[in-house]
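For what it's worth, our numbering labels the leading residue of the sequence shown as 13, then goes sequentially.
Worksheet: one structure, shown below.
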Amino acid sequence: MASLPGTPPATLATAAAPGTAGDPPAATGMRPKVVVAEKIADAGIKALEEHCDVDVAIGADRHDLAARLADAAGLVVRSATTVDAGLIAAAPQLQVIGRAGIGVDNIDVEAATTAGVLVVNAPEANTISAAEHTLALLLAQARRVAEADRSVRAGEWERSRFQGVELHDKTLGVIGLGRIGTLVAKRAAAFGMHVMAHDPYVGEERMRSIGVAHAAEVDAVLAEADFITIHLPLNPDTQGLIDAAAFDRMKDGVRIVNTSRGGVIDEQALADAVRSGKVASAALDVFAHEPLPDSPLRDLPQVVLTPHLGASTREAQDKAGTAVAKAVAAALRGELVLSAVNLDIGTGLDDTARDYLGVAESLGAILMGFSRGMPETLTVRLEGEVAANPVRPFTLSALKGALARIAENVSFVNVQHLAAAHGVRWSEEASTESPTYRSVLRVAGTVSGKVRSFSATITERKGPVLIEVNGYDIELPITPRLLVVRNEDVPGVIGRLGTYLGGQRVNIADMAVGRNTQGEAMMGLNLDDRLTEDQVAGILALQGIADARFVEVG
């Protein structure tokens with residue numbers, strides 16, 4: 013029997029049936045349970061309640077919380093709840109942990125990843141608040157606001173004693189040019205400051221576009237800056253980064269702000285540098301140990317201390333709770349959450365990319381439907397406008413679409429591990445050129461040495477559309493039920509197929525025809541009804557039909 017090029021003989025291939033393992037709760041018609049262990053904004057609770065059953069467990073002890081998590085799919089915390097491997101193990105159905113804020117120091121991310129649990133946060137919720145607090149501390153120490161306040165309250169009036177310095181025309185060194193660092197840099201420029209920054213993950217061109225001078229090494233910032241502000245995560249590379257040796261490389265009279273993470277600055281070394289006059293003043297919102305224990309910094313009037321207030325605005329707290337609630341709900345619907353901290357998805361995605369993620373998952377499912385087995389290799393290629401984005405999110409989506417057909421509990425967190433366990437090797441390609449459409453997504457796989465390839469785009473009128481199947485050009489909308497037929501390019505074949513499906517009471521919703529470069533013909537049909545194996549066999553028995561594939565996309 014003849015078959016489609018690159019495919020084994022004909023078949024029926026379907027997706028997992030509704031309600032089977034691997035489906036997110038939303039796909040089964042069940043409302044997933046989410047435990048909220050700490051207070052979040054009312055708007056966040058309402059956002060969760062639209063899709064989930066919410067168990068508010070504020071104040072629950074560890075034993076009670078573990079019991080509540082036994083049948084929970086989601087958990088939402090702030091910073092007070094420690095989510096370690098033991099608590100994760102107590103929640104066998106857990107799919108996502110949401111942190112209403114940025115830092116995830118209180119979550120064992122490695123244990124969550126091993127368990128296939130997504131960890132999401134609210135990375136943009138407090139950016140404005142943290143940036144504004146940085147500027148507040150920058151100004152407070154430059155104008156000695158805290159010292160002057162204490163003096164006036166003590167009944168003194170010593171104007172000459174509290175002479176400050178202007179920000180204007182000074183150099184601000186930003187160490188870490190992420191979201192908050194970027195906002196600080198832009199605001200500092202409005203004060204007339206010269207801004208330079210070091211961040212190994214931000215290129216010189218990007219810095220130039222926001223008016224920041226690029227420093228290839230941290231030492232360049234330390235040597236040239238009049239003010240230094242730190243915006244770094246705490247990890248083995250940044251622990252104690254600003255130590256006694258770093259202070260020695262700074263300008264005399266430098267001023268320092270840290271609103272990122274305690275532990276990045278050696279607090280004893282800072283105190284020594286302030287006493288010696290090397291550092292004129294400092295302002296810290298974060299500390300190695302919180303609440304701040306006995307510390308030499310307490311005795312230094314030149315140092316402004318605040319109790320981790322960077323995100324402590326009404327607006328930031330509301331945004332954090334709402335943002336993480338929406339992320340948790342999206343994860344439980346099986347969507348790719350861009351704020352996930354335990355996914356390797358590169359930088360942010362634009363609106364074009366977001367539309368194409370679902371297309372990638374559909375193409376992964378279609379590949380499996382045609383292949384009847386997991387491919388040994390998988391290549392994901394972006395072309396045109398969508399190629400401005402990182403390819404990795406599309407790779408994860410395609411792998412998820414494929415693996416969900418043969419494995420249980422497939423998630424974006426564990427999909428790479430599962431693919432490797434099945435022996436799949438994947439590669440990624442991108443080109444900003446696309447000869448036919450503004451954006452094209454291509455997924456190809458090798459099974460038993462034969463290549464199967466599928467390409468799709470999104471059109472304004474039809475939405476997601478298959479535009480290539482194994483070398484055949486075709487424009488077939490991607491719908492839940494697809495029938496793809498390779499046939500002789502002669503009169504009568506289309507009519508015989510339509511007559512057969514009508515006799516089986518199978519309705520055709522849409523149809524497209526195409527050819528490959530050799531002039532061989534293909535039909536693609538969108539069906540309202542699923543086909544049985546016997547019905548596919550009946551199609552194959554029709555005169556002029558070389559092969560037929562029925563695929564349920566999802």
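Even glycine gets a Cβ: it sits at the ideal position worked out from N, Cα and C.
Selection Val116, Met386, Leu379 and Leu348 evaluated against Tyr368 yields Leu348 as nearest (Cα-Cα). Here Pro476 carries a strand assignment [DSSP, helix/strand/coil]. Contact between Met205 and Ala227 does not hold, since their C-beta atoms are separated by about 15 Å, which reaches or exceeds 8 Å. With contacts defined by Cβ atoms closer than 9 Å, Ser451 and Ile470 form a contacting pair.
For Ile520, the enclosing beta strand (DSSP E) covers residues Ile520 to Arg527. Counting C-beta atoms within 10 angstroms of its own C-beta, Lys58 has fewer than 16 neighbours from the protein chains shown and is therefore classed as exposed. Our two residues, Thr183 and Gly274, have alpha carbons roughly 24 Å apart in a direct line. In the three-state scheme derived from DSSP, where H, G and I count as helix and E and B as strand, Phe424 is classed as coil. Nearest in C-alpha terms to Ala225, of all of Leu189, Ala339 and Leu494, is Leu189. Distance from the CA atom of Ala399 to the CA atom of Ser443, rounded to whole angstroms, is 6 Å.
In this structure Phe406 is not in contact with Arg561, their Cβ atoms being roughly 23 Å apart against a cut-off of 8 Å. Residue range Val505 to Gly515 is occupied by the alpha helix (DSSP H) that includes Ile506. Counting only residues of its own chain and dropping the five nearest sequence neighbours on each side, Arg508 has a CB closer than 6 Å to the CB of Leu554. Within the same chain, Cβ atoms closer than 7 Å to the Cβ of Val66 are found at Val46, Val48, Ile57 and Leu60, the five residues on either side in sequence being excluded. Pairing Ala237 with Val276, the inter-Cα distance amounts to about 18 Å. Bounds of the beta strand (DSSP E) holding Phe466 are Lys462 to Thr471. Contact between Ala521 and Asp546 does not hold, since the beta-carbon distance rounds to 22 Å and is not under 8 Å. The criterion of a C-beta distance shorter than 9 Å is satisfied by Ala533 and Val505. Residues of the same chain with a CB within less than 7 Å of the CB of Ala468, apart from the 5 flanking positions on each side, are Val371, Leu375, Leu453, Pro476, Val477, Leu478, Ile479 and Ile490 in chain order. In the DSSP assignment, Met219 falls outside any beta strand (DSSP E) and lies within the alpha helix (DSSP H) extending over Glu216 to Ser221.
Residue burial is scored here from C-beta neighbours: Gly265 has fewer than 16 other C-beta atoms within 10 angstroms and is therefore classed as exposed. Two segments are said to touch when three or more pairs of C-beta atoms, one from each, lie closer than 8 Å; by this definition the stretch 317-331 does not touch the stretch 169-183. Between Gln107 and Val121, the gap from beta carbon to beta carbon reaches 9 Å or more. Annotation for Gly252: no alpha helix (DSSP H) segment contains it, and DSSP assigns it neither H nor E. Between Ala137 and Ala337, the CB-CB gap reaches or exceeds 9 Å.
Under the DSSP assignment, Thr126 falls in the alpha helix (DSSP H) whose first and last residues are Val121 to Thr126.
Beyond the five residues adjoining it in sequence on each side, Tyr484 comes within less than 6 Å, by CB distance, of Gly526, Asn528 and Met534 in the same chain, given in chain order. Each residue's CA atom was taken as its position, placing Gln314 and Arg80 some 48 Å apart.
The three-state secondary structure of Thr271, taken from DSSP, is coil.
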